[in-house]
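Shown next, in structure tokens, is the structure this report addresses.
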Amino acid sequence: MNSTTRSQATFVTVVLLLILYAFPTNAQTVALQAGYVFDTESGAMLPDQIILIDDGRITAVGPQVVIPDHATVIDLKDSWVVPGLIDAHTHMLLTRQPARDYGNYYFTTLLETTSYRSVVGVANAQAMLEAGFTAIRDLGNTGNYGDMDLKRAIDEGWVPGPMMQAAGRIIAPYGGQFTLQAERRDLAEPEYFFADTEEQIRMAVRENIHFGADVVKLVVDDQRYDYTQAEIRAAVEEAAKAGVPISAHAYTDKPATDAILAGVASLEHATYLSDHVLQLMKERNVYLVGTDFPQKYSPSSYDARIDRLRRAYAIGTPIAFGTDASHYREGFTRGDLTFDFMHSFVDAGIPPVDILRMMTVNAARLMDIDQDRGTIETGKLADIVAVSANPLDDIEALRGAHFVMKEGRIFKQGGRFHWSAPTVIGE
Ligand SMILES: [Zn+2]
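Under the working numbering, the very last position in the sequence shown is 414; numbers go up by exactly one each time.
See the structure below:
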């Protein structure tokens, strides 16, 4: 063989190997035989369904779907199958230690490096995926853009975790959410991005977007100086140039109204809103992400929050499940903790079918990923969870995910989590 022939032969071999190795993963067909599948539109559990998945996407759903010979068949006949769950307000890189921190998250910034927090974030992200959360919106408190690195590592397959939308640094007026100590003003940065004029706000938004923000979080009302409607509008306009929405942290009517009229996508917490403002949110399609802590974790404002949740549901304000789960609790994973927030929705009298919608399709709509996620339908990515009891009877059944698939890849089957690091081939 001369050298040209040899290099041609090598080329052909490489191409053949690529085809061989690329095919089984990319063109894999999986058929899920499901006892019941949640139909988001009707709110019913449809019996005896087959879900066909090709190359990570759902290609057919129904009782009469023909399973191709080459498909891998997975038996979920004893299970209730629902779309992958979504937490629209969480913090993978913030794990407060109640015994150490007196419940105050200053200490995380004070005592922990971004790299340490990222490692903890990896564990939290895996716990979320194991629990059945296939997508999350991570709203800051991530040190110096640690969330961007976690998101990248998940996307590249280095670590397992949900699909992430990340906010980067939280933008706020001077002080952020801290009460600063005059001689140590730097302690709140880079956790918060202080911006006090419209120009500074625009610059802060641009920097966040430069570093990869999918959403920008604005703290509207945690100081004695709230952002004005004009200032919030500056953020909305600047972010919109890059197609990025604004999420606004606001507790009371006046700052919430300013944020709604300025064009934000969601209000976080929004504990003390009147019916009038909840109605305005409905009219403007602004999502309520109430982060309503269950009574056992935060009894003080519990009644107010449950009352607001009940009123918002009655009015028809769009609601997405979002927790703010960020405290360490011995014996509980981040996934366990996240499920605890379902109690607040149950206490507000919201039926399981709508809690499930808030945890799937509603959150997907808020995040503008509903074209790909949030329901089990032909054409969508296969983000799929199976549990052993009917969550429409008792939403608590969602805790028991024994099967978790994200984008067609199985991460948990038979109650066991599967994951292996990508193979790295050295010289
Ligand atoms: Zn939060």
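Glycine included, C-beta positions come from ideal geometry on N, C-alpha and C.
Which value, in whole angstroms, describes the spacing of the CA atoms of residue i and residue j?
i, j, result
"Leu205", "Ala257", "13 Å"
"Arg171", "Tyr89", "20 Å"
"Pro85", "Tyr315", "7 Å"
"Glu28", "Ala351", "14 Å"
"Leu385", "Ala58", "28 Å"
"Gln266", "Ile247", "11 Å"
"Gln400", "Asp56", "22 Å"
"Met329", "Ser288", "17 Å"
"Asp74", "Gln152", "11 Å"
"Ala9", "Gly148", "Residue confidence for Ala9 is low, a pLDDT of 43 falling below 50, so the modelled location carries little weight and cannot support an answer."
"Trp406", "Ile141", "12 Å"
"Asn349", "Phe332", "14 Å"
"Glu99", "Met268", "38 Å"
"Asn272", "Gly303", "10 Å"
"Thr244", "Asp355", "23 Å"
"Met392", "Glu185", "44 Å"
"Thr12", "Lys367", "Confidence at Thr12 is low in this model, with a pLDDT of 45, below 50, so its placement is unreliable and no value can be given for it."
"Leu81", "Gly133", "10 Å"
"Met79", "Thr239", "26 Å"
"Ala229", "Phe181", "21 Å"
"Ala249", "Ala18", "46 Å"
Give me the residue from the options with the minimum Cα distance to residue i.
i, options, result
"Arg360", "Leu116, Ala31, Ala122, Leu39", "Ala122"
"Ser313", "Tyr289, Ile382, Asp279, Asp142", "Asp279"
"Gly213", "Glu186, Gly162, Val69", "In the sequence on display, residue 213 carries Asp and not Gly. Checking every option, the nearest Cα to that of Asp213 belongs to Gly162."
"Ala47", "Ala408, Gln20, Lys64, Gly71", "Gln20"
"Gln113", "Ala299, Glu186, Gly144", "Gly144"
"Ile418", "Glu317, Gly402, Arg396, Arg321", "No information on residue 418 is available, as it lies outside the stretch -12 to 414 that the chain covers here."
"Ala118", "Asp136, Tyr93, Gly71, Tyr103", "Gly71"
"Val264", "Val53, Arg139, Leu296, Gly130", "Leu296"
"Thr77", "Gly277, Ala291, Glu383", "Gly277"
"Trp67", "Gly402, Phe390, Asn377", "Asn377"
"Leu174", "Asp323, Leu97, Ile371, Leu379", "Leu97"
"Arg139", "Ala200, Tyr179, Lys283, Tyr93", "Ala200"
"Lys64", "Pro232, Arg193, Ile54, Gln36", "Gln36"
"Val340", "Tyr300, Gln187, Val251", "Tyr300"
Can you tell me where the alpha helix (DSSP H) holding residue i begins and where it ends?
i, result
"Gln266", "262 to 271"
"Ile188", "185 to 197"
"Gln428", "As displayed, the chain neither begins before -12 nor continues past 414, which places residue 428 out of reach and without an answer."
"Gln216", "216 to 227"
"Ala246", "240 to 249"
Starting from residue i and walking both ways along the beta strand (DSSP E), at which residues does that stretch end?
i, result
"Ala21", "16 to 26"
"Asp35", "31 to 41"
"Ile45", "44 to 49"
Taking 7 Å as the cut-off, is the CB of residue i close to at least one heavy atom of ligand 2?
i, result
"Asp245", "Ligand 2 is absent from the structure shown, which contains only ligand 1."
Uninterrupted alpha helix (DSSP H) stretches inside the region 278 to 347 (no shorter than 4 residues): 289 to 302, 321 to 327, 329 to 334, 339 to 345
Who's in the neighbourhood of ligand 1, going by beta-carbon under 6 Å from any heavy atom, listed in chain order? His76, His78, Leu126, Asp311
Contained beta strand (DSSP E) runs [length at least 3] in the region 373 to 400, N- to C-terminal order: 390 to 393, 396 to 400
Please list the segments of the beta strand (DSSP E) lying wholly inside the region 63 to 132, counting only runs of 3 or more residues, in order along the chain. 72 to 77, 120 to 125
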